[in-house]
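Numbering (my numbering), first residue to last: 21 to 216.
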């Protein structure tokens, strides 16, 4: 695996908390539930302007909306088009790109238990990206980070060695961002702080 030096310019995360999204236009804000609010809250905490590549990751997506649609389909025989469009996996990142007129494009990733690690890797490989991971199952949580490839970066992506223990949960990732540990280790790669 090729080594990549990069920087995490900004990051933000939230877990099981109400978030203030009053900066989003009211008509748009009314369509958001807790999942969407959480995602947009952390995205806007790291977004400064411009057209970075966007990478959104969620293992289950907006489970609350999906459950409502299933119940509605079973009871009424059909689903609300508005409810459906808000429940798709990429709804939050799509809405963010519309609000910011970002035409660069985005990826929406779901990779089971490896979703956060896969999304983070995709963001690093994208050179200049904003990564957002939001999850609703098992407690609402979201983390976003602005990532830029830079020769003067403070982080390096390398191949994981066999003796390194995988630590790639939401908690592991936020502790890594906070500087509580120096390694974020997935099955095939690791990211570590560069000591200068």
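In this text, a Cβ means the ideal position worked out from N, Cα and C, and glycines have one as well.
Alpha carbon of residue i to alpha carbon of residue j, nearest angstrom
{"i": "residue 185", "j": "residue 115", "result": "37 Å"}
{"i": "residue 80", "j": "residue 171", "result": "35 Å"}
{"i": "residue 138", "j": "residue 193", "result": "12 Å"}
{"i": "residue 160", "j": "residue 195", "result": "17 Å"}
{"i": "residue 15", "j": "residue 45", "result": "A query on residue 15 cannot be resolved here, the shown segment of the chain reaching from 21 to 216 and no further."}
{"i": "residue 153", "j": "residue 22", "result": "25 Å"}
{"i": "residue 147", "j": "residue 168", "result": "5 Å"}
{"i": "residue 42", "j": "residue 48", "result": "10 Å"}
{"i": "residue 36", "j": "residue 82", "result": "15 Å"}
6 Å Cβ shell around residue i - same chain, five flanking residues per side excluded
{"i": "residue 166", "result": "29, 30, 66 and 150"}
{"i": "residue 202", "result": "212 and 213"}
Cut-off 7 Å between Cβ atoms - residues of its own chain near residue i, not counting five sequence neighbours on either side
{"i": "residue 174", "result": "27, 213 and 214"}
{"i": "residue 205", "result": "180, 184, 185, 186, 187 and 188"}
{"i": "residue 39", "result": "57, 58 and 61"}
Residue i, DSSP secondary structure in three states
{"i": "residue 55", "result": "helix"}
{"i": "residue 196", "result": "helix"}
{"i": "residue 178", "result": "strand"}
{"i": "residue 43", "result": "coil"}
{"i": "residue 22", "result": "coil"}
{"i": "residue 171", "result": "coil"}
Limits of the beta strand (DSSP E) - the one that residue i falls within
{"i": "residue 213", "result": "209-213"}
Close Cβ partners of residue i (< 8 Å) along its chain, the five nearest in sequence each way excluded
{"i": "residue 122", "result": "71, 72, 74 and 116"}
{"i": "residue 208", "result": "21, 179 and 180"}
Beta carbon proximity, residue i to chain D, threshold 9 Å
{"i": "residue 125", "result": "The structure shown has no chain D; it contains just one protein chain."}
At 3 residues or longer, what runs of the beta strand (DSSP E) sit wholly inside the region 60-92? Within the region 60-92, complete beta strand (DSSP E) segments of at least 3 residues are found at 73-77, given in chain order.
Any alpha helix (DSSP H) of 4 or more consecutive residues that is wholly inside the region 88-169: Qualifying alpha helix (DSSP H) stretches, in chain order: 101-107, 111-119 and 135-145.
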